[in-house]
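The letter at position 31 of the sequence shown is residue 687 when you use this note's numbering, and the numbering goes up by one with no holes. Notes follow once the structure below has been shown.
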Amino acid sequence: MRRRVAGNLLWMLTERGLQVVTGIAIVAMLARALGPEGFAHFQYAQAVVTIAASVALICGSEVVVPRLVADSASTAQHRLLAHAFVLRAFGGLLGYALMCGYLAVAGAAAEVWAVALLLGIAILLREPFGVVGAWMQAHTNNRPATVFSLISLTIKAGMVALLFTAGSRAAPAFASAFAVEAVVLALLLAGYYLSRVPHRRIAVDSALAGQLLRGGTLFWASFMMMMAARRVDQLILQPLVPLADFGAYAATMQILDNYAAAATIIAAGAAPVYVYGQADPVLARRNVGRLALLLGAVGLAGAAVIAAAADWIIHLLYGEQFGAAVGLLRVAAFATALVFVDVGLTLLPVYLRKPEWVALKWAGTLAMILIFDLIAVPRYGIWGAVAGYALANGFAVLIGLALWWRCRTATSLRTARAAHEH
657 MRRRVAGNLL WMLTERGLQV VTGIAIVAML ARALGPEGFA HFQYAQAVVT
707 IAASVALICG SEVVVPRLVA DSASTAQHRL LAHAFVLRAF GGLLGYALMC
757 GYLAVAGAAA EVWAVALLLG IAILLREPFG VVGAWMQAHT NNRPATVFSL
807 ISLTIKAGMV ALLFTAGSRA APAFASAFAV EAVVLALLLA GYYLSRVPHR
857 RIAVDSALAG QLLRGGTLFW ASFMMMMAAR RVDQLILQPL VPLADFGAYA
907 ATMQILDNYA AAATIIAAGA APVYVYGQAD PVLARRNVGR LALLLGAVGL
957 AGAAVIAAAA DWIIHLLYGE QFGAAVGLLR VAAFATALVF VDVGLTLLPV
1007 YLRKPEWVAL KWAGTLAMIL IFDLIAVPRY GIWGAVAGYA LANGFAVLIG
1057 LALWWRCRTA TSLRTARAAH EH
């Protein structure tokens, strides 16, 4: 069983690593093909879609997987997945509608609309069909989901590469590759599940739907606030600065987002053994502190390398047109080291099953970045946004440290766990 869990984790880490590498290549082709202004439109649309997509994260794996594990009967699992699918589908429709409403109110350009409508197809499909991934996770068999994800990712990358090679400059054409990825992944997941589980008519159970909705509300709110905190700076920045400046800022954040993914990969590899696998909460807390320090050191070392090679990185990936991003990358890279620390510290509330702590952190972080950016960005433009990025990351780390310190005694740790269990 331990070997199966390790193999399952390896597949997940492999998928994430390949997604990061491929994502960097795709962004580089987009930037070179579209230029600073076209890339700015694409990234603005993607920021809006990312925030709207969080609405579909209702009834997440944190709620579904434990219930699937607790009841292994095929009929019960199918019934649960059907209800989770419907809830997520409604969430996706709501997210897509909110995206359209925001773009209408903001008076977005026609190109932004076209890109967002295509990118937004993922809002409608990714999370609803993602229940199949939760089903695989409950059965400790993530390999098919990983293979399907890599197949759809390869198709997207291939389409982007073909458009780039053909000299296309149309942002909607590139956005269509992202839409195709979402459709292909949904079809593969649905086909796999339906080929292994007999089709059954499911009667609507409002009580079960209510349980899933209530059980996932706190996680849902946390995810929405987290995604908003990570992208709201671009929504504030875009109307206030020239498109070329916004494109430079978005290019910088794309590099740093992919770099910060390394923290998640490291944490996902270490947490099952060193944190979640510990029966003693005192030892788990100690390991969280050590892991946060390790991640911080890795993040700082990587930031130093990125800062030193910023000019080379920008010109290699984006070309000379994005020269304004060099200075931004040198400064913002060090702020990203704080993300590494935050990822490590977040393992403690997850271990203690305290989603309210995570929600509190992201609510505070979102409020902080909103207040700061609304004041600083109109005055200082992209540098105000970089300062807001650093401040938000620092605030998240401070909250994480405060919660880690609060649980410094065995009594407080046991009380926290007991509160969840009861």
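Ideal Cβ positions, reconstructed from N, Cα and C, are used throughout, including at glycine. From a predicted model like this one, the values you see are computed outputs, not experimental measurements.
Original post:
Around the Cβ of Glu-976, are there at least 16 other Cβ atoms within 10 angstroms (buried) or fewer (exposed)?
Top reply: The residue labelled residue 976 in the question sits at position 320 within the sequence shown. That one is exposed.
Original post:
Between Ile-858 and Val-742, what straight-line distance do the alpha-carbon atoms span, to the nearest angstrom?
Top reply: Mapped onto the sequence shown, residue 858 falls at position 202. Mapped onto the sequence shown, residue 742 falls at position 86. Taking the straight line from one Cα to the other gives about 11 angstroms.
Original post:
Do you know offhand how far Ala-988's Cα is from Val-997's?
Top reply: Residue mapping note: residue 988 aligns to position 332 of the sequence shown, counting from 1. Residue mapping note: residue 997 aligns to position 341 of the sequence shown, counting from 1. Answer to the nearest angstrom: the Cα atoms are 15 angstroms apart.
**OP:** Compute every distance between the C-beta of Leu-775 and the non-hydrogen atoms of the ligand SAH, then say whether any falls below 6 angstroms.
**Re:** Questions concerning the ligand SAH fall outside what the structure shown contains, since it holds no ligand whatsoever.
Original post:
How long is the line joining the alpha carbons of Tyr-848 and Trp-1061, rounded to whole angstroms?
Top reply: Working through the sequence shown from its first residue, we reach residue 848 at position 192. Working through the sequence shown from its first residue, we reach residue 1061 at position 405. Taken atom to atom, the span from the alpha-carbon of Tyr-848 to that of Trp-1061 is near 46 angstroms.
Original post:
Leaving out five residues before and five after Phe-785 in sequence, what residues of the same chain have Cβ atoms less than 8 angstroms from its Cβ?
Top reply: Within the sequence shown, the letter at position 129 stands for residue 785. Phe-741, Leu-841, Ala-842, Leu-845 and Ala-846.
**OP:** Identify, in the order they occur along the chain, each residue of the same chain with its Cβ nearer than 7 angstroms to the Cβ of Leu-899, setting aside the five sequence neighbours on each side.
**Re:** Residue numbering aside, residue 899 sits at position 243 when the sequence shown is read from its first letter. Closer than 7 angstroms at the Cβ level, and outside the excluded window around Leu-899, lie Pro-692, Glu-693 and Ala-696.
Subject >> Ordered list of alpha helix (DSSP H) runs contained in the segment 715-787, each at least 4 residues >> reply: 717-726, 730-762, 766-775 and 777-785
Original post:
For Gly-955, which residues of its own chain have a beta-carbon under 6 angstroms away from its beta-carbon, when the five flanking residues on both sides are left out?
Top reply: By 1-based counting over the sequence shown, the position of residue 955 is 299. Only Ala-993 and Phe-996 meet the Cβ criterion.
Subject >> Close-in-space but distant-in-sequence residues of the same chain around Ala-703 (CB under 7 angstroms, 5 per side omitted) >> reply: Residue numbering aside, residue 703 sits at position 47 when the sequence shown is read from its first letter. Closer than 7 angstroms at Cβ, skipping near neighbours: Arg-887, Gln-890 and Leu-891.
Original post:
Cα separation between Ala-709 and Val-929?
Top reply: One-based indexing of the sequence shown puts residue 709 at position 53. One-based indexing of the sequence shown puts residue 929 at position 273. If you take the alpha carbons of Ala-709 and Val-929, they lie about 31 angstroms apart.
Original post:
How would you call Val-931, buried or exposed, if buried means at least 16 neighbouring beta carbons within 10 angstroms?
Top reply: For this step, residue 931 is matched to residue 275 along the sequence shown. Buried, because 16 or more other Cβ atoms sit within 10 Å of the Cβ of Val-931.
Original post:
What do you get for Thr-821, buried or exposed, if any count of 16 or more other CB atoms within 10 angstroms of its CB means buried?
Top reply: For the purposes of this step, residue 821 is taken as the residue at position 165 of the sequence shown. So Thr-821 counts as exposed.
Subject >> Ser-808 in three-state terms, based on DSSP >> reply: Position 152 of the sequence shown holds residue 808. In this structure, DSSP gives Ser-808 a helical state, which the three-state scheme calls helix.
Subject >> Ordered list of alpha helix (DSSP H) runs contained in the segment 909-994, each at least 4 residues >> reply: Unbroken alpha helix (DSSP H) runs of no fewer than 4 residues, entirely contained in the segment 909-994, are found at 937-964 and 966-973, following chain order.
Original post:
Leaving out five residues before and five after Leu-775 in sequence, what residues of the same chain have Cβ atoms less than 8 angstroms from its Cβ?
Top reply: The residue labelled residue 775 in the question sits at position 119 within the sequence shown. Hits under 8 angstroms: Ala-701, Gln-702, Val-705, Ala-831, Phe-834 and Ala-835.
Original post:
Quick one: is Ser-878 buried, meaning 16 or more other Cβ sit within 10 Å of its Cβ, or exposed?
Top reply: Counted from its first residue, the sequence shown places residue 878 at position 222. Ser-878 counts as buried, since no fewer than 16 other beta carbons sit within 10 angstroms of its beta carbon.
**OP:** Give the range of the alpha helix (DSSP H) segment to which Pro-1011 is assigned.
**Re:** Residue mapping note: residue 1011 aligns to position 355 of the sequence shown, counting from 1. 1011-1036 is the extent of the alpha helix (DSSP H) around Pro-1011.
Original post:
Is it true that the CB of Gly-814 sits closer than 7 angstroms to the CB of Val-719?
Top reply: Along the sequence shown, read from residue 1 onward, the residue named residue 719 stands at position 63. Along the sequence shown, read from residue 1 onward, the residue named residue 814 stands at position 158. Val-719 is not a Cβ neighbour of Gly-814, given a cutoff of 7 angstroms.
Subject >> Three-state secondary structure assigned by DSSP to Arg-857 >> reply: Within the sequence shown, numbered from 1, the residue matching residue 857 stands at position 201. Residue state, collapsed to three classes: coil.
Original post:
Would you say Met-883 and Ile-707 are within 7 angstroms of each other, going by their C-beta atoms?
Top reply: Stepping through the sequence shown from its first residue, residue 883 is reached at position 227. Stepping through the sequence shown from its first residue, residue 707 is reached at position 51. A contact, by the Cβ cut-off of 7 angstroms.
Original post:
Just how far apart, CA to CA, sit Ser-805 and Leu-669?
Top reply: As a working note, residue 805 is residue 149 in the sequence shown. As a working note, residue 669 is residue 13 in the sequence shown. If I take the Cα positions, the gap works out to 13 angstroms.
Subject >> Those runs of the alpha helix (DSSP H) which lie wholly inside the segment 812-856 and span at least 4 residues >> reply: Listed in chain order, they are 827-852.
Original post:
Near Ala-906, what residues of its chain come up, given a Cβ to Cβ distance below 6 angstroms and the 5 sequence neighbours on each side ignored?
Top reply: On the sequence shown, position 250 is the one that residue 906 refers to. Excluding residues within five positions, the ones whose Cβ falls inside 6 angstroms are Gln-699.
Original post:
So, do the segment 956-968 and the segment 1007-1023 have three or more beta carbon pairs nearer to each other than 8 angstroms?
Top reply: no
Subject >> Enclosing alpha helix (DSSP H) for Ala-712 [first to last residue] >> reply: Taking the sequence shown and counting its residues from 1, one reaches residue 712 at position 56. Here Ala-712 belongs to no alpha helix (DSSP H), and DSSP marks it neither H nor E.
Original post:
Just the Cα atoms here: how many angstroms apart are Ala-953 and Ala-917?
Top reply: The count along the sequence shown starts at 1 and reaches residue 953 at position 297. The count along the sequence shown starts at 1 and reaches residue 917 at position 261. About 15 angstroms.
**OP:** Grab the span of the alpha helix (DSSP H) containing Val-888 for me, first residue to last.
**Re:** As a working note, residue 888 is residue 232 in the sequence shown. Start and end: 862-893.
**OP:** Please determine, among Val-725, Leu-950, Arg-744 and Ala-765, the residue with the shortest C-alpha to C-alpha distance to Trp-791.
**Re:** By one-based count along the sequence shown, residue 791 stands at place 135. The candidate whose alpha carbon is nearest that of Trp-791 is Val-725.
Subject >> Closest residue to Gly-1056 among Ala-1032, Val-1042, Gly-1020 and Asp-1029 (Cα-Cα distance) >> reply: For the purposes of this step, residue 1056 is identified with residue 400 of the sequence shown, where counting begins at 1. Looking at the Cα atoms, Gly-1020 is the closest of the given residues.
**OP:** Below 8 angstroms on the Cβ atoms is my guess for Leu-893 versus Val-982; work out the distance and round it to an integer in Å.
**Re:** Position 237 of the sequence shown holds residue 893. Position 326 of the sequence shown holds residue 982. Wrong, their Cβ atoms sit about 18 angstroms apart, outside the cutoff.
**OP:** For His-739, count neighbouring C-beta atoms within 10 Å of its own C-beta (all shown protein chains included) and say buried if the count is 16 or more, exposed if not.
**Re:** As a first step, residue 739 must be located in the sequence shown, where it is residue number 83. With 16 or more Cβ atoms within 10 Å of its Cβ, His-739 is classed as buried.
Original post:
Would you call Arg-782 buried or exposed, if buried means 16 or more other Cβ atoms sit within 10 Å of its Cβ?
Top reply: Indexing the sequence shown from 1 puts residue 782 at position 126. Answer is buried; the Cβ neighbour count reaches 16.
Original post:
For the candidate residues Ala-940, Trp-1039, Leu-1030 and Leu-1001, whose alpha-carbon lies nearest to that of Ala-1052?
Top reply: For the purposes of this step, residue 1052 is taken as residue 396 along the sequence shown, with counting starting at 1. Measuring from the Cα of Ala-1052, the nearest candidate turns out to be Leu-1001.
Original post:
Nearest to Ser-851 by CA position, among Arg-986, Val-788, Arg-946 and Leu-674, is which residue?
Top reply: Looking up residue 851 in the sequence shown gives position 195. Out of Arg-986, Val-788, Arg-946 and Leu-674, Val-788 has the C-alpha closest to the C-alpha of Ser-851.
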